[in-house]
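Chemist: Submitted below is the structure of interest, expressed as structure tokens.
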Amino acid sequence: MNRTSFIAAALAAILPAAVLAQDITVTDAYARSTNPSVGAAFMSITNNGSADCVLGAASAPQVTDRAELHTHVEENGVMSMVQVDSITIPAGTTHALERGGDHVMFMATKAPMAQGDEFELTLDFGACGTVPVALRVDNDFAPAGGNDDHSGHGAAH
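Per mature numbering (1 follows the signal peptide of the UniProt record, and there is no 0), the sequence shown runs over residues -21 to -1, 1 to 136.
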């Protein structure tokens, strides 16, 4: 295989993921500090594509080595938070990562997340590609419909 063919083959392998990643739109993204070593990120994720996309991982190496996907579940009338392996965004829908629901948790942060801090979060949708998200810490943001925060979470959550 000559050099031109190799470059063309490499680009062909990379471009489909880049095109598919364009089907994901992230809006209203922000982060919160919940205690000195834990934080969370919230946003709306829209899948404009024709195939379901599965959020399988998140990373924010500037802030933590351990970003996790979480959700809340009710059991016997008690709400609790649990780590999940993935969050599916069906084709043609918008899914909110919100307080009291699905969200990204930053565990054992490298330093406390302060009001106004900015950093990048990368969302990994597997076959649909990755999406970089600019986040700003906004501890004063109060979502419509309640104020379910994570202030009780410790690093061992």
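Yeah, the Cβ is synthetic: ideal placement off N, Cα and C, and Gly gets one too.
Predicted model only: the values in this text are computed from it and were never measured.
Which residue or residues does DSSP assign as beta-bridge partners of D103?
Modeler: Translated into positions along the sequence shown, residue 103 becomes position 124. Beta-bridge pairing links D103 to A36, T109.
Chemist: Does E77 come out as helix, strand or coil in the three-state DSSP assignment?
Modeler: Position 98 of the sequence shown, counted from the first residue, corresponds to residue 77. Note: E77 maps to coil in three-state DSSP.
Chemist: Quick one: Cα of A46 to Cα of E54, how far?
Modeler: As a first step, residue 46 is located in the sequence shown; it is residue number 67 there, counting from the start. As a first step, residue 54 is located in the sequence shown; it is residue number 75 there, counting from the start. Whole-angstrom Cα-Cα distance: 25 Å.
Chemist: Tell me, to the nearest whole angstrom, how far the beta carbon of V42 is from that of F98; I am working on the premise that it is less than 8 Å.
Modeler: Against the sequence shown, residue 42 aligns to sequence position 63. Against the sequence shown, residue 98 aligns to sequence position 119. Sure, about 5 Å apart at Cβ, within 8 Å.
Chemist: Does N27 come out as helix, strand or coil in the three-state DSSP assignment?
Modeler: As a working note, residue 27 is residue 48 in the sequence shown. N27: coil per DSSP, three-state reduction.
Chemist: DSSP on residue 207, reduced to helix/strand/coil?
Modeler: Because the chain here runs from -21 to 136, residue 207 falls outside it and cannot be looked at.
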